[in-house]
Amino acid sequence: MAQRGTYGFETDGGRLLDNTANLDRLRRLFRDGAIIDDEFGPGNPGDFDNGSWHILCHLAGGTGVFGGAGGPTWAAITHEPRADRYRATLSFKDQRTTKTVPIGEAAATARLRERPLVGFVEGSSVGHIAARNVRDARNAFNGWPRQMFDRPASDKNSDGGTVWEQWCVTRDIRPSSPIGDSALRAYLTLVSLLGGRYVAAVARGRREHEHPRHLCALVKAGVLTREDALWDVTPRPIPADAERLLLEARPADSVKAAALLTWEPREPCYYMFPRRIDRWSRAADVRGDLQRYAVP
20 MAQRGTYGFE TDGGRLLDNT ANLDRLRRLF RDGAIIDDEF GPGNPGDFDN GSWHILCHLA
80 GGTGVFGGAG GPTWAAITHE PRADRYRATL SFKDQRTTKT VPIGEAAATA RLRERPLVGF
140 VEGSSVGHIA ARNVRDARNA FNGWPRQMFD RPASDKNSDG GTVWEQWCVT RDIRPSSPIG
200 DSALRAYLTL VSLLGGRYVA AVARGRREHE HPRHLCALVK AGVLTREDAL WDVTPRPIPA
260 DAERLLLEAR PADSVKAAAL LTWEPREPCY YMFPRRIDRW SRAADVRGDL QRYAVP
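Quick note: the sequence shown, position 185, residue 204 per my numbering, numbers continuous.
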């Protein structure tokens, strides 16, 4: 086991370990104002009293895809309605149905054998949320009830989707907030599985809302490496037929969408929704950001 960055994140083979110590570090980091000069990103009064930096809602909305025989395997944060908790899961086609299993369970481990990681997909900022039919109190999550952002997949003009859903629940990531805590735990599990390029790709999807500053802080703290942050990749636009499925925010639809995307067997790629693809941070932009914020 090695430790990385100013926060001393525990790693194995360059990836974060999914353990209690790293969860505590991640929780402290996403509430640390000093490392980002108190530039938490846009929000209302009280949003950052117990909540994370703005970027976490985008990071937690991002997903990964594994290739291999039998079709794609979708790695994402999904919602468990009975417990009203979030968890990191794999979803894949199994004969005529779609299975969704928690990462770490035997079925998930078996599914990943000899399956390469082929890429990542941006989280949605319009469309449905994963927690369909939820009914939060009006004052939940500092006045951000999740149902505000459960929109039809056909509605491209209203804020919605999984990114806004994660914005709501990450307004309180303390251990005493079970829903927000479950989302943070699920995100660590995804990072441990998908690696630093997953963090970098999603973080680089915007030049505004303090994303560049937050990405540099994540590198400094040790969530990912400088090399991960500078990954030389250009995002691909998600085609319309796959986008319609992704905006449903359901595992079965996401697996279908992944099957419509083109994946390269040797090098992972990143897909973004066309509506914001022009906000992408190129590797040269990130290199300048790292220099600006004095990250070695």
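Beta carbons are placed, not taken as given, at the ideal position from N, Cα and C, and that holds for glycine.
{"Asked": "Is I74 helix, strand or coil when you go by DSSP?", "Found": "helix"}
{"Asked": "Report all residues from its chain with a CB closer than 8 Å to the CB of L42; omit the five preceding and five following residues, and keep chain order.", "Found": "L203, R204 and L207"}
{"Asked": "Which residue's Cα is closest to the Cα of L309: A259, L234 and R285?", "Found": "L234"}
{"Asked": "Take the Cβ of Q22 as the centre, count every other Cβ of all protein chains shown within 10 Å, and call the residue buried at 16 or more, exposed below.", "Found": "exposed"}
{"Asked": "Apart from the five residues on each side of it in sequence, which residues of its chain come closer than 8 Å, Cβ to Cβ, to D31?", "Found": "M20 and A21"}
{"Asked": "Of all the CB atoms in chain B, is at least one closer than 9 Å to the CB of V221?", "Found": "The structure shown contains no chain B; it is built from a single protein chain."}
{"Asked": "Taking just the CA atoms, how far does A236 sit from A313?", "Found": "10 Å"}
{"Asked": "Less than 8 Å between the CB atoms is what I'm expecting for R293 and T117, so what's the real figure, rounded?", "Found": "With the sequence shown as reference, residue 293 is identified as Pro, and Arg is not the correct amino acid for it. Actually they are not in contact, since the Cβ atoms of P293 and T117 sit about 26 Å apart, beyond 8 Å."}
{"Asked": "Just checking, does the stretch 178 to 192 make contact with the stretch 76 to 91 on the three C-beta pairs under 8 Å criterion?", "Found": "yes"}
{"Asked": "Where are the alpha helix (DSSP H) runs, 4 residues long or more, that stay fully inside the stretch 53 to 131, in chain order?", "Found": "74 to 80 and 125 to 131"}
{"Asked": "Would you identify the three-state DSSP class for M20, choosing helix, strand or coil?", "Found": "coil"}
{"Asked": "Using 10 angstroms around the beta-carbon of D297, count the other beta-carbons present and answer buried if the total reaches 16, otherwise exposed.", "Found": "exposed"}
{"Asked": "Just confirm the distance between the C-beta atoms of G90 and F111, as a whole number of angstroms; I'd bet it's less than 8 Å.", "Found": "7 Å"}
{"Asked": "Using DSSP with H/G/I as helix, E/B as strand and the rest coil, what is V314?", "Found": "coil"}
{"Asked": "Any idea what DSSP makes of R47, helix, strand or coil?", "Found": "helix"}
{"Asked": "Could you tell me the boundaries of the alpha helix (DSSP H) in which G199 lies?", "Found": "P197 to L213"}
{"Asked": "Considering only C-alpha positions, which residue in the set Y290, R295, R245 and N38 is nearest to A302?", "Found": "R245"}
{"Asked": "Starting from A160, trace the beta strand (DSSP E) in both directions and tell me its first and last residue.", "Found": "Here the sequence assigns Phe to residue 160, which means Ala is not the residue at that position. Unbroken run through F160 is the alpha helix (DSSP H), A159 to G162; no beta strand (DSSP E)."}
{"Asked": "Go through its chain and collect everything with a Cβ distance to R165's Cβ below 8 Å, but skip five positions before and after it.", "Found": "I148, A150, V153, D155, A159, E184, C187 and V188"}
{"Asked": "Please name the residue, chosen from G70, E267 and G33, that lies closest to K175 on a Cα-to-Cα basis.", "Found": "E267"}
{"Asked": "Should the stretch 42 to 62 be called in touch with the stretch 211 to 223, which here means at least 3 C-beta pairs below 8 Å?", "Found": "no"}
{"Asked": "Can you tell me which of V238, D57, G86 and G33 puts its alpha carbon nearest to the alpha carbon of W72?", "Found": "D57"}
{"Asked": "Going by C-alpha to C-alpha distance, which of E286, P287, I257 and R295 sits closest to L280?", "Found": "I257"}
{"Asked": "Taking the DSSP output, what are the residues bridged to D31?", "Found": "R34"}
{"Asked": "According to DSSP, simplified to helix, strand and coil, what is H309?", "Found": "Checking the displayed sequence, the identity of residue 309 turns out to be Leu instead of His. DSSP places L309 in helix when its eight states are reduced to three."}
{"Asked": "Suppose the cutoff is 7 Å on Cβ atoms and the five residues either side in sequence are ignored; what does the same chain contact list for T181 look like?", "Found": "G80, G142, S143, I148, A149 and A268"}
{"Asked": "Under the DSSP definition of a beta bridge, which residues are partnered with G138?", "Found": "V84 and C288"}
{"Asked": "P135: which of R311, V305 and E286 sits nearest, CA to CA?", "Found": "E286"}
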